[in-house]
């Protein structure tokens, strides 16, 4: 059980970090033709894409990505503790 908890925690933390990195890259106007930037977008797009249709961006900050990062952190806190 301890291994499963560690694995779930690590996956949630890594995905949250990638989401926050996507937010930062959009805010900083990074070049999205960069392979690393494309990787970040491809990893996060399946969850963020549908939410972006419902939740609009607030200026340069993608509120859908921020909301998903917050929800993942909340789920991690509820499930793992």
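Numbering (our numbering), first residue to last: 24 to 104.
Each residue gets a CB set at the ideal place from its N, CA and C atoms; glycine is no exception.
Please read all numbers here as calculations on a predicted model, not as lab measurements.
Buried or exposed for residue 54, please, with buried defined as at least 16 other CB atoms from any protein chain shown within 10 angstroms of its CB. The sequence position of residue 54 within the chain shown is 31, counting from 1. So residue 54 ends up on the exposed side.
Practice item. State buried or exposed for residue 26, treating a residue as buried only when at least 16 other CB atoms are found within 10 Å of its CB. Key: The count along the chain shown starts at 1 and reaches residue 26 at position 3. With fewer than 16 other Cβ atoms within 10 Å, it is exposed.
**OP:** Can you say whether residue 67 is buried or exposed, counting buried as having 16 or more other CB atoms within 10 angstroms of its CB?
**Re:** Within the chain shown, the letter at position 44 stands for residue 67. Residue environment analysis places residue 67 among the buried positions, since at least 16 neighbouring C-beta atoms fall within 10 angstroms of its C-beta.
- Query: Of the residues 49, 104, 31, 73, which one's Cα is nearest the Cα of residue 63?
  - Reply: In the chain shown, counting from the first residue as 1, residue 63 sits at position 40. Closest option to residue 63, Cα to Cα, is 49.
Boundaries of the alpha helix (DSSP H) in which residue 93 is found, first to last residue:
For this step, residue 93 is matched to residue 70 along the chain shown. If you look at residue 93, you'll find it in the alpha helix (DSSP H) that goes 86 to 103.
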